[in-house]
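Trainee:
Numbering (my numbering), first residue to last: 1308 to 1413.
1) Which same chain residues, not among the five before or five after residue 1404, have their C-beta less than 8 Å away from its C-beta?
2) Skipping 5 residues on each side, what residues in its chain have a beta carbon closer than 7 Å to that of residue 1336?
3) Determine the direct distance from the alpha carbon of residue 1400 to that of residue 1366, and round the result to whole angstroms.
4) Give the straight-line distance between the Cα atoms of residue 1377 and residue 1358, rounded to the nearest whole angstrom.
5) Is DSSP giving residue 1368 helix, strand or coil here?
6) One question on the structure: do residue 1340 and residue 1351 come within less than 9 Å of each other, judged by their Cβ atoms?
7) Please report the straight-line C-alpha distance between residue 1385 and residue 1379, rounded to a whole angstrom.
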């Protein structure tokens, strides 16, 4: 089996034996493409930055509503108690856990 695999590898022409990542273009073509992407980057990076700042300004300019979610019956179905002790508090709901422990210690 090994000798047949070696013969198969030897039969591959040398031009196909390695990958041409740059598609075989000339040096001038590579420089031209590099310059094109430099120009695109000079425009694209500031544009993305400005867009990100605009989105942040819009996001933080309005008030966030901290209303509770509707009490749908399929939410918070508990088939067994949580291992962290607070009976009905989610893992990262620190305000609920604080209320629970204050009531338990009172």
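The beta carbon of each residue, even a glycine, is placed where N, CA and C say it ideally should be. Just so we're clear, the structure is a prediction, and the values are computed from it rather than from any experiment.
Mentor: A quick look at the data gives this:
1) Closer than 8 Å at Cβ, skipping near neighbours: 1391, 1393, 1396.
2) For residue 1336, where only same-chain residues beyond five positions count, there are no Cβ hits under 7 Å.
3) Per the coordinates, the alpha-carbon of residue 1366 lies some 24 Å from the alpha-carbon of residue 1400.
4) If I take the Cα positions, the gap works out to 34 Å.
5) Here residue 1368 sits in helix by DSSP.
6) At a Cβ-Cβ threshold of 9 Å, residue 1340 and residue 1351 do not count as neighbours.
7) Distance from the CA atom of residue 1385 to the CA atom of residue 1379, rounded to whole angstroms, is 14 Å.
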